[in-house]
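As structure tokens, the structure follows; a few thoughts come after it.
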Amino acid sequence: MLHATPTQRLHSPDPMPDAESYVHADDLRTAFAMAMSQMYRNEVPLYGDLVRIVQGVSQAALSASSGNAQFNSKTSDSPERLSLERHGAIRLGLPSELRTVRRMFAVLGMYPVGYYDLSVAGLPMHATCFRPITPESLARNPFRIFTTLLRPELVKAEGGARDLALQLLSRRTLFSSELLSMLDITEQQQQGRLCADQTEVFIREALRTFSWASGVAASTIDEYARLRSEHPVLADIACFRTAHINHLTPRTLDIDAAQAAMVAEGMAVKERVEGPPRRQCPILLRQTSFLALDEPVHFLSEQGGLTSGEENLLVKGSHCARFGEIEERGAAVTAAGRRLYDELLAEATGTARSNKDGRTHDEILFDTFRDRYPDDLRELCRQNLIFCRYRCTGKQPTRTSPDFAALLGQDVIDRHEETIMSWVHCLVDDGVLVAEPITYEDFLPFSAAGIFQSNLQKASPTTVSLSRGGEGGDQSSLEGALGCAITDPDALYARAQRYSLLKCLQDLGLARVAL
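Letter by letter, the sequence shown follows residues 1 to 515 of UniProt numbering.
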């Protein structure tokens, strides 16, 4: 008896499978991330060298920090999570593309979190990040995809670049019929879940959406040149057959050491690390990259599209967009912490522009933050600048606790925040509780734009011509394209901190709450 092929099984009219036959989204996400990593390593061999450097640096950092007692100032994440962690980035051109990508990522347990307006950095795009949203799923695999969508209204109508980009985008088909059929079946019959025998097809077809597609463009070389002269990002979005991954990003525990190692191996590295200055207690996100590769591309000829036997009609050219990025993740900051960060960053940037005393940008950034943004975890917690996860050590409190008899509801933290947090800080000092910074899982728009600009514009100093009067964020438009609301990342961090505090109060016998 012949076995059914994956495609035949995909379209099988069999009854709904048992719950045990479904693959957990966390496991599927891990399999997908590993397959994407291998695909990108095959397409960009230098990426393999980058991963090797990062793993060596992180292992050295973990060895150096072993034995830390109450606080681990670098990370509380497990080595297993660090070795798995990646983020990728894709650029989409049409709202319909974004909605289908949202459906794909939902199967992987990844949902849109955070709104990023990149027009503030001169890029005609806005973005969200697809990622897991529960602490449990993040701990299993925090793979995330930073996804930008073209905002054609921000591109000048004069010159025809906007219309050309939209014409090219309207002619391409990003998603295979097999993938679309699988999404329909998964959503309509399987509550958004995949069976084990469907995973091979799903991963294969999804990866095709993000592959380099053999370096054959969907435009002529003249069309490519017209869009690139307006801005390289337009050409990268509209002139290719796929939403190719433009970078995958391993996480390091010491980005400065990793950058030095990249330079030592002769990589063309970005001149400075984006994000906060180097700190004993990292916050937010620091990023750097090796510069985009100039890769051979075959463009369509003016005679028409590519058909069988007409490969000789292709025109040789090149494209510069895919690069190798690394990141160092620190603590998620509260609204107060972010206001202070933005204030100091703006001040340092202004000082660096005038640069009257000969200091480098990094020296100015470090000096600006040094005495005004605490670099001690206890102080960061006391000043409510970062989100922390609290846990009991097993030691019982010796000091008298406040009267918590009324703490019976889910809003317990909100109603008694000042009293609770004052007492919590005392318990941390007494060794009854441990505070671990919650890892920042999201992105910084200026840092992302700095990486984009340094790589997209390697061959051209042109800046995008934004249409006047149209600048500014438009989250409602992006949510309309997605077909769903975007989750506020700060709400997720606050929820994780609140849950850990309630759990501690419960374990210490000081509150009765339903977790």
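Backbone N, C-alpha and C define an ideal beta-carbon position, used for all residues, glycine too. Note that the structure is a prediction, hence the values are computed from the model and not measured.
In the DSSP assignment, find the unbroken alpha helix (DSSP H) run with residue i in it and report its ends.
{"i": "residue 363", "result": "361-370"}
{"i": "residue 317", "result": "Unbroken run through residue 317 is the beta strand (DSSP E), 315-320; no alpha helix (DSSP H)."}
{"i": "residue 31", "result": "25-43"}
{"i": "residue 425", "result": "417-429"}
{"i": "residue 233", "result": "232-238"}
{"i": "residue 174", "result": "Element bounds for residue 174: n/a, residue is neither H nor E."}
{"i": "residue 211", "result": "Unbroken run through residue 211: none, as it is neither H nor E."}
{"i": "residue 100", "result": "95-107"}
{"i": "residue 444", "result": "Unbroken run through residue 444: none, as it is neither H nor E."}
{"i": "residue 138", "result": "135-140"}
Using DSSP's beta-bridge definition, name the partner residues of residue i.
{"i": "residue 395", "result": "None; residue 395 has no bridge partner."}
{"i": "residue 274", "result": "287"}
{"i": "residue 439", "result": "331"}
{"i": "residue 294", "result": "320"}
{"i": "residue 112", "result": "130"}
{"i": "residue 117", "result": "126"}
{"i": "residue 326", "result": "288"}
{"i": "residue 389", "result": "436"}
{"i": "residue 216", "result": "298"}
{"i": "residue 195", "result": "22"}
Which residue marks the beginning of the beta strand (DSSP E) containing residue i, and which one marks its end?
{"i": "residue 490", "result": "Element bounds for residue 490: not the beta strand (DSSP E) but the alpha helix (DSSP H), 489-507."}
{"i": "residue 485", "result": "Here residue 485 belongs to no beta strand (DSSP E), and DSSP marks it neither H nor E."}
{"i": "residue 249", "result": "247-250"}
{"i": "residue 153", "result": "Counting along the chain, residue 153 falls outside any beta strand (DSSP E), and DSSP gives it neither H nor E."}
{"i": "residue 91", "result": "86-92"}
Tell me whether residue i is buried or exposed, calling it buried when 16 or more other Cβ atoms sit within 10 Å of its Cβ.
{"i": "residue 469", "result": "Any reading at residue 469 must be qualified, since the residue scores a pLDDT of 36, below 50, and its modelled position is unreliable; no value is offered."}
{"i": "residue 356", "result": "exposed"}
{"i": "residue 270", "result": "buried"}
{"i": "residue 230", "result": "buried"}
{"i": "residue 281", "result": "buried"}
{"i": "residue 459", "result": "With a pLDDT of only 38 at residue 459, under 50, the local geometry of the prediction cannot be trusted, and no value is derived from it."}
{"i": "residue 484", "result": "exposed"}
{"i": "residue 119", "result": "buried"}
{"i": "residue 24", "result": "exposed"}
{"i": "residue 526", "result": "Residue 526 is absent from the structure shown; the chain starts at 1 and stops at 515."}
{"i": "residue 191", "result": "exposed"}
{"i": "residue 480", "result": "exposed"}
{"i": "residue 173", "result": "exposed"}
{"i": "residue 136", "result": "exposed"}
{"i": "residue 167", "result": "exposed"}
{"i": "residue 198", "result": "buried"}
{"i": "residue 502", "result": "buried"}
{"i": "residue 497", "result": "buried"}
{"i": "residue 360", "result": "exposed"}
{"i": "residue 296", "result": "exposed"}
{"i": "residue 209", "result": "buried"}
My output table needs one value for residue i: the three-state DSSP class, helix, strand or coil.
{"i": "residue 265", "result": "coil"}
{"i": "residue 146", "result": "strand"}
{"i": "residue 125", "result": "strand"}
{"i": "residue 52", "result": "helix"}
{"i": "residue 257", "result": "helix"}
{"i": "residue 510", "result": "coil"}
{"i": "residue 221", "result": "helix"}
{"i": "residue 202", "result": "helix"}
{"i": "residue 342", "result": "helix"}
{"i": "residue 158", "result": "coil"}
{"i": "residue 434", "result": "strand"}
{"i": "residue 47", "result": "helix"}
{"i": "residue 281", "result": "coil"}
{"i": "residue 376", "result": "coil"}
{"i": "residue 181", "result": "helix"}
{"i": "residue 226", "result": "helix"}
{"i": "residue 401", "result": "coil"}
Is residue i close to chain D, meaning its C-beta is less than 8 angstroms from at least one C-beta of that chain?
{"i": "residue 254", "result": "The chain labelled as chain D is not found in the depicted structure, where only one protein chain is given."}
>> Does the region 333-348 come into contact with the region 285-294, if we say contact requires no fewer than three beta-carbon pairs (one atom in each stretch) closer than 8 angstroms?
In response: Judged by Cβ distances under 8 angstroms, the region 333-348 makes no contact with the region 285-294, as fewer than three pairs qualify.
> Quick one: any contact between the region 227-241 and the region 32-44, if contact means 3 or more CB pairs under 8 angstroms?
Replying inline: No contact exists between the region 227-241 and the region 32-44.
> Are the region 24-33 and the region 101-114 in contact at 8 angstroms, needing three or more beta carbon pairs?
Replying inline: Yes: the two stretches touch, three or more of their Cβ pairs being nearer than 8 angstroms.
>> Check whether the region 331-338 and the region 382-390 touch, using three or more Cβ-Cβ pairs below 8 angstroms as the test.
In response: Note that the region 331-338 touches the region 382-390; at least 3 beta-carbon pairs, one per stretch, sit closer than 8 angstroms.
>> Under 8 angstroms, with one C-beta from each stretch per pair, do the region 204-224 and the region 238-252 reach the 3-pair mark?
In response: Counting Cβ pairs under 8 angstroms, three or more are found: they touch.
>> Does the region 364-378 come into contact with the region 344-352, if we say contact requires no fewer than three beta-carbon pairs (one atom in each stretch) closer than 8 angstroms?
In response: A contact exists between the region 364-378 and the region 344-352.
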